[in-house]
Each structure stands twice: as structure tokens, then as C-alpha cells.
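> Before I ask anything, let me first share the structure, which is written out below as C-alpha cells.
Residue numbers (UniProt numbering): 1 to 192.
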């Protein structure tokens with residue numbers, strides 16, 4: 001079960017109409033810096049695996065203006081298969097191929113270009129997300145993977161203390177294609 005927290009208006013829109021279509025970047029939009037909505041695992045709709053409280057915490061601390069707003073939370077299931085999810089948590093092959101890809105000299109040149117467009121301080125989450133999007137586009141272009149509908153990654157949520165601890169505290173999914181979501185499973189969660 002995945003959990004997603006947002007404003008009351010956004011959650012009601014999802015409950016009424018489902019998850020909006022996700023506009024994925026192209027190689028051109030990535031490399032020229034016009035790709036929008038890039039998170040730590042790429043462009044998409046984010047949810048936390050089996051952790052409603054982590055979802056709510058992320059909502060309150062991602063944007064400063066959400067700190068005192070009430071978070072509303074939904075839960076939902078996805079139809080996950082090895083073929084449609086890039087698993088950067090516990091699929092050794094997926095992790096190994098990604099690391100081989102981004103270690104390549106040609107990709108290092110692209111990485112420098114992406115770094116100019118997507119550097120966001122010391123955590124580099126947008127840069128990481130842009131690199132993952134570039135990797136997925138190359139995989140699909142070279143027909144090494146059909147259509148990546150989601151990216152699974154470990155979550156490191158910065159808490160209110162000033163220590164930089166990098167031990168993962170959960171698993172997050174970046175949903176890149178809404179068809180992977182079981183729309184009948186979307187439910188409002190109370191009391192989170």
C-alpha cells in the first residue's frame with residue numbers, strides 16, 4: 001500500500017477524478033533545463049510504501065508554506081511487475097546497470113550539462129531525478145526496457161534536527177504512468 005499526502009483540494013481532486021496524467025520529459029527538455037517537476041526519483045506522483053506518517057511528514061517539510069497546513073492523505077495499490085518498475089532498492093541488476101550507465105564517459109558529459117540545470121544545493125535530489133529520467137529515456141530508446149511506469153527508491157527524510165543522517169527511513173515510489181495505479185484502491189486515510 002502506498003500513501004500520498006497533500007492539501008485537501010488536491011486530495012479531493014484525486015478522489016473525484018483519479019490521478020492526473022503525468023507529463024514526462026524528453027531528452028531535449030532534460031538537457032536544455034526546461035523539464036518541470038523533477039523530484040529525487042524523476043517526474044511523477046510520489047507515494048510512500050506502508051508509511052502514512054512519512055508521507056505526511058514529507059508534505060509538511062517539503063515546502064515551507066505547508067508547515068502549518070493540514071495534510072490530507074490517501075492510500076492506494078499499484079500493479080507492479082519487474083518489467084515496469086525500475087527498482088533502486090533491492091534489485092541488484094537494476095542498481096548495477098544504473099551505476100554502469102552513469103559511470104560511462106559519454107554520460108559524464110551529459111551529467112555535467114544536467115548539473116548546470118538541476119543542481120539544488122548539497123542534497124542533489126533534482127540532479128539525481130534528472131539523471132534517472134535520462135537513464136530511463138535511454139533504456140526505452142534502445143529498447144532495453146519497454147515502459148518504466150514507476151521508480152522505487154529508498155527515502156531519506158530530513159528531520160527537524162541539524163544532523164545529516166543518510167540511513168533510509170522508508171521506500172518511496174515515483175509513479176510515472178497513472179495506469180500502474182489501481183484506481184479502485186484509492187481511499188482517504190483518517191487520523192494520520
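A virtual CB, placed ideally from N, CA and C, is assigned to each residue, including glycine.
Which value, in whole angstroms, describes the spacing of the CA atoms of residue 156 and residue 17?
As a first step, residue 156 must be located in the chain shown, where it is residue number 156. As a first step, residue 17 must be located in the chain shown, where it is residue number 17. Roughly 31 Å between the two C-alpha positions.
> Taking Cβ to Cβ, would you say residue 5 is nearer than 8 Å to residue 76?
Position 5 of the chain shown, counting from 1, holds the residue named residue 5. Position 76 of the chain shown, counting from 1, holds the residue named residue 76. No. Outside cutoff.
> Could you tell me the alpha carbon to alpha carbon distance between residue 137 and residue 48, rounded to whole angstroms?
Translated into the one-based positions of the chain shown, residue 137 becomes position 137. Translated into the one-based positions of the chain shown, residue 48 becomes position 48. So the two alpha carbons sit approximately 24 Å from each other.
> Helix, strand or coil for residue 4 per DSSP?
If you number the chain shown from 1, residue 4 lands on position 4. Strand at residue 4.
> With distances taken between CB atoms, is the gap from residue 88 to residue 170 smaller than 8 Å?
Position 88 of the chain shown, counting from 1, holds the residue named residue 88. Position 170 of the chain shown, counting from 1, holds the residue named residue 170. Cβ distance not < 8 Å, so residue 88 and residue 170 don't count as in contact.
> Run the CB neighbour count on residue 92, radius 10 Å, all protein chains shown included, and call it buried at 16 or more, exposed below.
For the purposes of this step, residue 92 is identified with residue 92 of the chain shown, where counting begins at 1. When all chains shown are included, residue 92 counts as exposed.
> Determine the contact status of residue 173 and residue 46, defining contact as a CB-CB distance below 8 Å.
Within the chain shown, the letter at position 173 stands for residue 173. Within the chain shown, the letter at position 46 stands for residue 46. Going by C-beta atoms, residue 173 is nearer than 8 Å to residue 46.
> Can the beta-carbon of residue 78 be found closer than 8 Å to that of residue 14?
As a working mapping, residue 78 is identified with position 78 in the chain shown. As a working mapping, residue 14 is identified with position 14 in the chain shown. It is not a contact, given that the beta carbons lie outside the stated cut-off.
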